[in-house]
Amino acid sequence: MATAPRRKVNPLLKFLFEMGPLGLFFIANVRPGLFNPLVERVLPAAMFEGPSGNVFTATAVFVPVTILALVVGLVVMRHVPIMPLISGIFVLVFGTLTLWLQNDVFIKMKPTIVNTLFGVILLGGLYFGRPLIRYVLDAAFDLKPEGWRKLTLNWGLFFLFLAVLNEVVWRNFSSEFWSAFKLFGTMPITLIFAGSQVPILLKYEVKPEEATPTLAGNGEAEAG
Numbered sequence: 000m001a002t003a004p005r006r007k008v009n010p011l012l013k014f015l016f017e018m019g020p021l022g023l024f025f026i027a028n029v030r031p032g033l034f035n036p037l038v039e040r041v042l043p044a045a046m047f048e049g050p051s052g053n054v055f056t057a058t059a060v061f062v063p064v065t066i067l068a069l070v071v072g073l074v075v076m077r078h079v080p081i082m083p084l085i086s087g088i089f090v091l092v093f094g095t096l097t098l099w100l101q102n103d104v105f106i107k108m109k110p111t112i113v114n115t116l117f118g119v120i121l122l123g124g125l126y127f128g129r130p131l132i133r134y135v136l137d138a139a140f141d142l143k144p145e146g147w148r149k150l151t152l153n154w155g156l157f158f159l160f161l162a163v164l165n166e167v168v169w170r171n172f173s174s175e176f177w178s179a180f181k182l183f184g185t186m187p188i189t190l191i192f193a194g195s196q197v198p199i200l201l202k203y204e205v206k207p208e209e210a211t212p213t214l215a216g217n218g219e220a221e222a223g
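Residue numbers for the sequence shown follow numbering that gives the first Met the number 0, beginning at 0 and rising by one.
Structural data, given as structure tokens:
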């Protein structure tokens, strides 16, 4: 059975699908009163009154909104990129553990584990001669093998850097600072890093004339 073709989606809408849940997580952590009347209908009100109450409120919002974003993204785009999909699975697992055990360490460690996983997959694949970055980043461009290898190495190391950075922030700063840093720190750093990789994309991009031989060239070869 043939799979449904992917739809071209406005980049801003795609960004909203992927970053909207994180933005709501930040808002719920800063202004839990906006969401507590809703989450207290399904969870004990007492769990939102302690020192970690804001994180629990934010997590209670984050989990269903993340799953909803994945479902809507699948319907609209007919495709869910591997990174948001894996991250969404970890949000579901670690968010549920956070609320069930009433321990915010689980949701705070989620970025560490996800980024470490991506980093290990990329560097491990590169070690075995398989540059997997095109699958992890859902790449829509074509590069020469050397370009894929360089991108895979750079992104693998960057994901490990993000894992270490998350550990440093959540272990040494308040929950409010950690939540804000996820949105206003990690995202700009990632965008800056992604921008720094553009020269590699340009240098190793496979041009149309390099991808397939010309008809004229084939005709000459056959005539000879």
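In this text, a Cβ means the ideal position worked out from N, Cα and C, and glycines have one as well.
Which one or two residues does DSSP pair with residue i in a beta bridge?
i, result
"L142", "E204"
Do you know how far the Cα of residue j is from the Cα of residue i?
i, j, result
"D141", "L200", "9 Å"
"T95", "F105", "9 Å"
"F25", "L156", "27 Å"
"H78", "G72", "7 Å"
At what residues does the alpha helix (DSSP H) containing residue i begin and finish?
i, result
"N53", "G52 to M76"
"L125", "V104 to Y126"
"A193", "M186 to S195"
"R133", "I132 to V135"
"S174", "S174 to F180"
"G87", "I81 to L100"
"P36", "N35 to V38"
Can you check whether the CB of residue j is closer than 8 Å to the CB of residue i?
i, j, result
"S174", "V54", "yes"
"A162", "T115", "yes"
"L91", "I112", "no"
"L23", "V60", "yes"
"P110", "N165", "yes"
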